[in-house]
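Counting in numbering that gives the first Met the number 0, the sequence shown runs from 0 upward without gaps. For every residue, glycine included, the Cβ atom is placed at its ideal position computed from N, Cα and C.
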Amino acid sequence: MDVYDVVVKLVGPIEPVGETNADNSRFSNIEEMTELVDRLVKDIADVARFNKDRGEYSMKRAGQHAHHFLLSLGMEDY
């Protein structure tokens, strides 16, 4: 089981099914999931912002990886 599987298991289903009670629960789940993603993206942006131009190879490597990931999401101004 990888991290994705653990998060999906913890949060629960997010896809609406057209039944009010189930969809209310799934709406809460998607709110939780989007809050998590927002926090993760902010963490990744911090790594990119503070490390992509560093002189130390290991820090620069992490920063550039984060930078390229954000660009792949269309986030040029992070």
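The region 66 to 76 and the region 37 to 56 touch, with no fewer than 3 CB-CB distances between them shorter than 8 angstroms. In the three-state reduction of the DSSP assignment, I13 falls in the coil class, being assigned neither a helical nor a strand state. According to the DSSP assignment, K41 belongs to the alpha helix (DSSP H) that extends over 19 to 50. The closest CA to that of G11, considering only N50, D22, G73, is found on D22. Residue nearest to A47 within the set Y77, V5, I13 is Y77 (criterion: CA-CA distance).
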